[in-house]
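Working notes, beginning with the structure itself.
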Amino acid sequence: MTTPQQDGGWSEPGQQQDWQQHYPPYSEQHQVYGEQQAYGQQQTYGDQQGYGHQQPYAGQPYIPQQPTAAQQRYARPYAGGSDAEYYVPEYTVLDPEPEPEPGYVLPEVPVSAWSVDNSRSAWISRGVLLLILLVQAGLSFRLDGSAFPQEAKYLTSDGELPGLVSQLGLGGARVLSLAWALGATALLFGATRLLFNARAGLAAAAMYSVLESTAFTGRYASLHSLSLFLLAAALWLLARTRQASPAAVLLAAPFAALAPFAAYSAALYLPTLTVLAVLTAYRFRGAGAFVRGAIFAVATGALCFAGIQLAGTPSGWNVKGTDSAVELLKESAGWGGVVLLVAVIGAVGFIRRARMGEMPWAEGSAPGAIRRSLLGLTMCATALLAPLYQAWLGNGSSLYIHVGFGLLFAVPMAGLGVSRMMGAHFRYPQIGIMIYVAALVIGMAQTRELYRPPDSAAMVGALREVVDTKGQYLTDDPEISAYYLRAQTKPAQWHPAERGAALTAEVKKGSYDAIVLRAASVPEALRGNADYRLLAVLRPSDKDGGQEPYRIWVKQ
Numbered sequence: 000m001t002t003p004q005q006d007g008g009w010s011e012p013g014q015q016q017d018w019q020q021h022y023p024p025y026s027e028q029h030q031v032y033g034e035q036q037a038y039g040q041q042q043t044y045g046d047q048q049g050y051g052h053q054q055p056y057a058g059q060p061y062i063p064q065q066p067t068a069a070q071q072r073y074a075r076p077y078a079g080g081s082d083a084e085y086y087v088p089e090y091t092v093l094d095p096e097p098e099p100e101p102g103y104v105l106p107e108v109p110v111s112a113w114s115v116d117n118s119r120s121a122w123i124s125r126g127v128l129l130l131i132l133l134v135q136a137g138l139s140f141r142l143d144g145s146a147f148p149q150e151a152k153y154l155t156s157d158g159e160l161p162g163l164v165s166q167l168g169l170g171g172a173r174v175l176s177l178a179w180a181l182g183a184t185a186l187l188f189g190a191t192r193l194l195f196n197a198r199a200g201l202a203a204a205a206m207y208s209v210l211e212s213t214a215f216t217g218r219y220a221s222l223h224s225l226s227l228f229l230l231a232a233a234l235w236l237l238a239r240t241r242q243a244s245p246a247a248v249l250l251a252a253p254f255a256a257l258a259p260f261a262a263y264s265a266a267l268y269l270p271t272l273t274v275l276a277v278l279t280a281y282r283f284r285g286a287g288a289f290v291r292g293a294i295f296a297v298a299t300g301a302l303c304f305a306g307i308q309l310a311g312t313p314s315g316w317n318v319k320g321t322d323s324a325v326e327l328l329k330e331s332a333g334w335g336g337v338v339l340l341v342a343v344i345g346a347v348g349f350i351r352r353a354r355m356g357e358m359p360w361a362e363g364s365a366p367g368a369i370r371r372s373l374l375g376l377t378m379c380a381t382a383l384l385a386p387l388y389q390a391w392l393g394n395g396s397s398l399y400i401h402v403g404f405g406l407l408f409a410v411p412m413a414g415l416g417v418s419r420m421m422g423a424h425f426r427y428p429q430i431g432i433m434i435y436v437a438a439l440v441i442g443m444a445q446t447r448e449l450y451r452p453p454d455s456a457a458m459v460g461a462l463r464e465v466v467d468t469k470g471q472y473l474t475d476d477p478e479i480s481a482y483y484l485r486a487q488t489k490p491a492q493w494h495p496a497e498r499g500a501a502l503t504a505e506v507k508k509g510s511y512d513a514i515v516l517r518a519a520s521v522p523e524a525l526r527g528n529a530d531y532r533l534l535a536v537l538r539p540s541d542k543d544g545g546q547e548p549y550r551i552w553v554k555q
């Protein structure tokens with residue numbers, strides 16, 4: 000049996016029930032179409048077109064149109080006919096298109112100044128560092144002269160290392176000292192670059208290379224330059240391993256432990272290295288940085304204890320004297336005051352602002368104000384350790400060299416200060432040039448004034464004719480005589496001379512075959528003495544050097 004349908008077509012009863020399950024009656028469809036017409040006539044025509052009921056506008060011919068992509072996606076047109084099949088509308092959910100990857104990603108801005116870490120900038124930094132090292136070598140090589148008493152003592156000592164170095168002679172030993180000094184400057188650049196950036200590292204290396212103490216130790220045959228190299232190596236390793244495991248700090252411990260055995264003044268800076276072991280890693284490790292500091296302190300202490308058991312305590316570190324504390328502090332300020340002032344400026348700028356601001360929109364982690372304050376305070380205060388300690392002892396021995404040990408730790412902050420004062424993108428380069436030139440001039444003048452070894456060439460030439468392996472000799476410079484006359488005599492044959500009653504007693508004994516004194520006038524003990532005759536009075540070639548002439552007496 001067939002039944003009429005609302006759309007004028009016929010179908011079987013079963014088909015009608017199946018069709019009514021999927022589609023509402025025409026009256027409901029008509030109601031839906033009326034609601035759609037309320038939203039606009041254009042939307043109504045579009046919907047009718049989707050179901051195949053296209054009607055032209057009033058008074059206009061009907062123009063067939065291609066359905067849009069949205070219409071094709073959500074419905075299929077009505078084909079017409081009594082046997083037409085109605086299809087369930089198809090819906091497709093489209094995933095959002097991924098955003099395109101950026102063609103270039105800006106690197107993270109360094110925490111203190113502008114720099115670009117790529118191969119080109121790295122080679123430029125190395126080239127500038129090479130020029131700095133050449134200037135340092137030139138400043139050291141311009142210093143020349145015979146051996147200092149301490150140089151001669153070092154080359155004639157019984158130690159294994161001095162014995163090896165003595166094979167090179169005085170010139171070779173000085174070249175070796177220069178190599179260690181240049182290595183310390185290069186390591187200082189590396190440590191400053193890791194702590195801050197390459198520009199601050201170059202400024203720090205430039206300032207350190209022209210210091211009086213740096214030029215002096217580069218031309219001084221001793222272990223001071225080796226000790227500086229070891230401290231610089233320990234500082235560089237602390238900076239290099241700041242993001243590694245706390246156990247990696249053990250790499251720096253041997254260098255720090257060996258430094259006091261090369262020069263006793265290096266022992267003052269072991270606590271500074273321990274503090275820096277914590278501060279350099281705190282940003283990355285948090286509380287774990289204290290574990291790193293503890294490991295470094297224990298390892299360094301154990302190695303120092305073992306060294307004392309094997310080689311004994313380094314001598315000279317606690318010898319008291321009678322020098323004025325005020326005068327020692329004034330001299331220290333003259334030798335390192337400029338660098339310390341610039342370091343304080345750099346520390347204040349670093350505390351106030353972690354980044355220079357070349358890219359104000361840059362984001363990223365930066366060290367906190369407390370860590371910046373502690374780092375600046377530690378580095379600047381370290382420069383005062385040697386002056387304050389030796390002023391307390393009243394002993395100014397080699398203070399002009401020991402000042403450089405503290406400046407090794409303050410110069411990185413001074414390099415940062417120069418970088419800050421020059422401004423973003425080298426806005427004020429004249430400030431950096433002015434500071435460098437001032438440090439260069441001051442360093443050259445101070446080095447020329449301090450580096451005045453005794454003019455002993457004429458004295459040694461005169462003594463070659465009167466000494467042998469059997470005599471005993473009294474002199475103001477026993478180390479110099481023992482070194483230059485080591486082929487004719489033995490070191491035990493040379494004895495230090497004193498003044499006053501002690502000299503008078505030695506002369507009365509008559510046990511010395513020759514007496515060599517640096518004196519402006521003839522001492523009372525030798526005036527008119529029948530046992531000795533005056534052999535020669537040898538005046539220094541540099542009349543403005545302040546050196547007294549050598550006076551040589553031989554036993555009659």
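Using numbering that gives the first Met the number 0, you'd call the opening residue of the sequence shown number 0 and step up by one each time. Note that CB positions come from ideal geometry on N, CA and C, so glycine has one too.
Going by DSSP, T474 is part of the beta strand (DSSP E) stretching over Y472 to T474. Ranked by Cα distance from Q555, the first of G158, T213 and R532 is R532. For V553, the enclosing beta strand (DSSP E) stretches over residues Y549 to K554.
In this structure, I350 lies away from G367, with their beta-carbon atoms at least 8 angstroms apart.
The Cβ-Cβ distance between K319 and G393 falls below 8 angstroms.
With fewer than three CB-CB distances shorter than 8 angstroms, the stretch 219-233 does not count as touching the stretch 455-463. For V297, the number of other beta carbons within 10 angstroms of its own is below 16, and it is reported as exposed. Annotation for F188: L128, G200 and A204 place their beta carbon closer than 6 angstroms to its own, counting only its chain and skipping 5 residues before and after.
A direct Cα-Cα distance of roughly 47 angstroms separates W334 from D530. Distance from A146 to I400 at the Cβ level is roughly 16 angstroms; contact not present, criterion being Cβ atoms closer than 8 angstroms. In this structure, the alpha-carbon of A500 lies about 20 angstroms from that of Q471. Between V521 and the set A504, G509, K507 and E547, the nearest pair of CA atoms involves E547.
Taking a C-beta distance under 8 angstroms as the contact criterion, M412 and M378 qualify as a contact pair. Of the residues L142, R141 and Q166, the one whose Cα lies closest to the Cα of Y153 is Q166.
The stretch 200-244 is shown to contain whole alpha helix (DSSP H) runs of 4 or more residues at 211-216 and 223-239, in chain order. Judged by DSSP in its simplified three-state form, A382 adopts coil rather than helix or strand. Per the DSSP secondary-structure output, Y531 pairs in a beta bridge with K554. In this structure, F289 keeps its C-beta atom at 8 angstroms or more from the C-beta atom of V274. Pairing V506 with L484, the inter-Cα distance amounts to about 23 angstroms.
Close CB contacts of T216 within its chain, under the 7 angstroms cut and outside five residues either way in sequence, are with S176, A180, H223, S224, L227, I400 and G403 (chain order). Taking the Cα of A390 as reference, the smallest distance to any Cα among G442, E330, G348 and R371 is reached at E330. Between V553 and V465, the C-beta gap is smaller than 8 angstroms, which places the two residues in contact. Under the three-pair Cβ rule at 8 angstroms, the stretch 228-241 counts as touching the stretch 256-268. By the CB criterion at 8 angstroms, M421 and V338 fall outside the cutoff. Assignment of V417 by DSSP, reduced to helix, strand and coil, places it in the helix class. Cβ atoms of R291 and V325 stay farther apart than 8 angstroms, at about 40 angstroms. The alpha-carbon of S156 is positioned some 39 angstroms away from that of R192. Short of 8 angstroms from the beta carbon of A519, and not among the five residues preceding or following it, lie these beta carbons of its own chain, in chain order: E547 and P548. Judged by DSSP in its simplified three-state form, A486 adopts coil rather than helix or strand. With contacts defined as CB atoms closer than 8 angstroms, I551 and L534 qualify as a contacting pair. Around the beta-carbon of Q135, 16 or more other beta-carbon atoms lie within 10 Å, marking it buried. Judged by their CB atoms, A346 and T381 are not nearer to each other than the 8 angstroms cut-off. Partner residues in a beta bridge of V338, as assigned by DSSP, do not exist. G442 is not a Cβ neighbour of A202, given a cutoff of 8 angstroms. Nearest Cα to A481 within the set F140, F254 and E150: E150. Pairing D94 with E100, the inter-Cα distance amounts to about 18 angstroms.
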